[in-house]
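Asker:
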Amino acid sequence: HINKSLSALGDVVSALQQRSPHVPYRNSKLTSLLQGALGRSGKALIFMHVSPAEGSASETVSTLNFAARVASVELGRAAKNAETSEMANARVAVAKLEDAVAAAEEERVRLKRELDEERAASRGAAQAVAEAERRASDATRRAKDAERREATGGSARGADREREELRLRSRTPPRAGGFVSGGGHGGGHGGARRTGGGWHTPGSNDRSGGSGPGSSRGGSARPSTAPAFSGILKRRSSYGSPRRGGHHHHHHHQQQQQQNP
Numbered sequence: 001h002i003n004k005s006l007s008a009l010g011d012v013v014s015a016l017q018q019r020s021p022h023v024p025y026r027n028s029k030l031t032s033l034l035q036g037a038l039g040r041s042g043k044a045l046i047f048m049h050v051s052p053a054e055g056s057a058s059e060t061v062s063t064l065n066f067a068a069r070v071a072s073v074e075l076g077r078a079a080k081n082a083e084t085s086e087m088a089n090a091r092v093a094v095a096k097l098e099d100a101v102a103a104a105e106e107e108r109v110r111l112k113r114e115l116d117e118e119r120a121a122s123r124g125a126a127q128a129v130a131e132a133e134r135r136a137s138d139a140t141r142r143a144k145d146a147e148r149r150e151a152t153g154g155s156a157r158g159a160d161r162e163r164e165e166l167r168l169r170s171r172t173p174p175r176a177g178g179f180v181s182g183g184g185h186g187g188g189h190g191g192a193r194r195t196g197g198g199w200h201t202p203g204s205n206d207r208s209g210g211s212g213p214g215s216s217r218g219g220s221a222r223p224s225t226a227p228a229f230s231g232i233l234k235r236r237s238s239y240g241s242p243r244r245g246g247h248h249h250h251h252h253h254q255q256q257q258q259q260n261p
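Pasting the structure below:
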């Protein structure tokens, strides 16, 4: 069994030396036990015993050849070192990628925050613009309403003035043939005027010193106008003037007759 196990061990070493994809570890119990030590994840130390006797020369040569074959197998240590280096490089690359991802996430958060702030500012500006436009529209509407009210009020005031003038004109009595003068209407020389003592007609108590109702500067007599003036006073009384005018005129006429027999 020892020779068979040693032969299976030789086959395993040969497969490892040739980097064969299949290594026959299960051909013997010895190679099955040494699979972890002979594989890429382990390390193996093999001792060879030879005899210096002349009769063991062939076995000594065979043992030394096997030792040379085993010594030529270096895949275990080299493969393990290479895999460790690749894993280290992969870990470094993964760490760099994780750092880049974290930086990108921070940048994304910062940009999102700035975008939210800009959107909020934009909404505030839009609301301010809408409020300003609304106020301007309200001011324009109020100005137009004020202009419309001013125009309507001016027209109404003009119409009120016209109606008031028409009302006053309708209440003012017409002049009686131009005989009444001096009583606030600015009469001519041929009318009667009212004084503190009654009604005064032209020709009575003239400044020329005439003593009769018909006296004048030329000394010619003029007929009395008392009856006609009394009729004028009666006509005025029909328009709302005081009715005492006729009495005053009659009293004044009697005084004139007493002064001028």
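Just so you know, we're using full-length UniProt numbering here: the sequence shown kicks off at 1 and counts up by one.
Cβ atoms here follow ideal geometry from the backbone N, Cα and C, with glycine treated the same way.
Since this is a predicted model, take the numbers as computed values, not measurements.
With DSSP as the reference, label M48 as helix, strand or coil.
Answerer: By one-based count along the sequence shown, residue 48 stands at place 48. Three-state DSSP puts M48 in coil, outside helix and strand.
Asker: Just how far apart, CA to CA, sit E165 and A130?
Answerer: Stepping through the sequence shown from its first residue, residue 165 is reached at position 165. Stepping through the sequence shown from its first residue, residue 130 is reached at position 130. Distance between the alpha carbons of E165 and A130: 52 Å.
Asker: Looking only at its chain, what residues have a beta carbon closer than 6 Å to the beta carbon of S5, apart from the 5 residues adjacent to it on each side?
Answerer: In the sequence shown, counting from the first residue as 1, residue 5 sits at position 5. If we look at S5 and ignore the five residues flanking it on each side, its Cβ neighbours are S28, L30.
Asker: Out of curiosity, what's the CA-to-CA distance linking A8 and P24?
Answerer: Looking up residue 8 in the sequence shown gives position 8. Looking up residue 24 in the sequence shown gives position 24. Computed Cα separation, rounded: 8 Å.
Asker: Check whether the Cβ atoms of R69 and S14 sit closer than 8 Å, and answer yes or no.
Answerer: Sequence index remark: in the sequence shown, residue 69 carries index 69 (1-based). Sequence index remark: in the sequence shown, residue 14 carries index 14 (1-based). Yes, the pair counts as a contact, with Cβ atoms nearer than the cut-off.
Asker: To the nearest whole angstrom, what separates the beta carbons of L64 and V50, a pair I think is in contact under 8 Å?
Answerer: In the sequence shown, the residue the question calls residue 64 occupies position 64. In the sequence shown, the residue the question calls residue 50 occupies position 50. Correct: roughly 7 Å between the Cβ atoms.
Asker: So, is S73 buried or exposed, given that buried needs 16 or more other C-beta atoms within 10 angstroms?
Answerer: In the sequence shown, counting from the first residue as 1, residue 73 sits at position 73. The sequence given here places Val at residue 73; Ser does not occur at that position. Flag for V73 reads buried.
Asker: Beta carbon of T44, beta carbon of A53: below 8 Å?
Answerer: Sequence index remark: in the sequence shown, residue 44 carries index 44 (1-based). Sequence index remark: in the sequence shown, residue 53 carries index 53 (1-based). Looking at the sequence shown, residue 44 is not Thr but Ala. No, Cβ-Cβ distance for A44 and A53 is not below 8 Å.
Asker: Under three-state DSSP, which class holds K43?
Answerer: Here residue 43 is taken as the residue at index 43 of the sequence shown, counted from 1. Coil.
Asker: Closest to S62 by C-alpha separation, out of E114, N3, A159, would be which residue?
Answerer: On the sequence shown, position 62 is the one that residue 62 refers to. Of the listed residues, the one whose Cα sits closest to S62 is N3.
Asker: Our contact map puts G10 next to F47 with C-beta atoms below 8 Å; I'd like the distance itself, whole angstroms only.
Answerer: Indexing the sequence shown from 1 puts residue 10 at position 10. Indexing the sequence shown from 1 puts residue 47 at position 47. In fact, because the Cβ distance is near 16 Å, the residues do not count as touching under 8 Å.
Asker: With V13 as the anchor, note down where its alpha helix (DSSP H) starts and where it stops.
Answerer: As a working note, residue 13 is residue 13 in the sequence shown. Run containing V13: 2–17, per the alpha helix (DSSP H) assignment.
Asker: Less than 8 Å between C-beta atoms, sequence neighbours within five positions excluded: which residues of the same chain meet that for R119?
Answerer: Stepping through the sequence shown from its first residue, residue 119 is reached at position 119. Here the set comprises nothing.
Asker: What did DSSP end up calling S72 once you bin it into helix, strand or coil?
Answerer: Taking the first residue of the sequence shown as position 1, residue 72 is located at position 72. In this structure, S72 counts as coil in the three-state DSSP scheme.
Asker: For V129, name the three-state secondary structure that DSSP assigns.
Answerer: In the sequence shown, residue 129 corresponds to position 129, counting from 1. Correct three-state label for V129: helix.
Asker: From R148 to R163, what does the alpha carbon distance come to, in whole angstroms?
Answerer: Sequence index remark: in the sequence shown, residue 148 carries index 148 (1-based). Sequence index remark: in the sequence shown, residue 163 carries index 163 (1-based). Approximately 22 Å, taken between the alpha carbons.
Asker: Using only the alpha-carbon positions, how far apart do E150 and D160 sit?
Answerer: Residue 150 sits at position 150 when you count from the first residue of the sequence shown. Residue 160 sits at position 160 when you count from the first residue of the sequence shown. Roughly 15 Å separates the two Cα atoms.
Asker: Span of the alpha helix (DSSP H) holding S32?
Answerer: For this step, residue 32 is matched to residue 32 along the sequence shown. First-last of the alpha helix (DSSP H) with S32: 29–33.
Asker: Can you list, in chain order, the residues of its chain with a C-beta nearer than 7 Å to that of R26? Leave out the 5 residues immediately preceding and following it.
Answerer: Working through the sequence shown from its first residue, we reach residue 26 at position 26. Contacts found: S32.
Asker: Could you give the DSSP three-state label for V109: helix, strand or coil?
Answerer: Sequence index remark: in the sequence shown, residue 109 carries index 109 (1-based). In the structure shown, V109 sits in a helix (DSSP, three-state: H, G or I).
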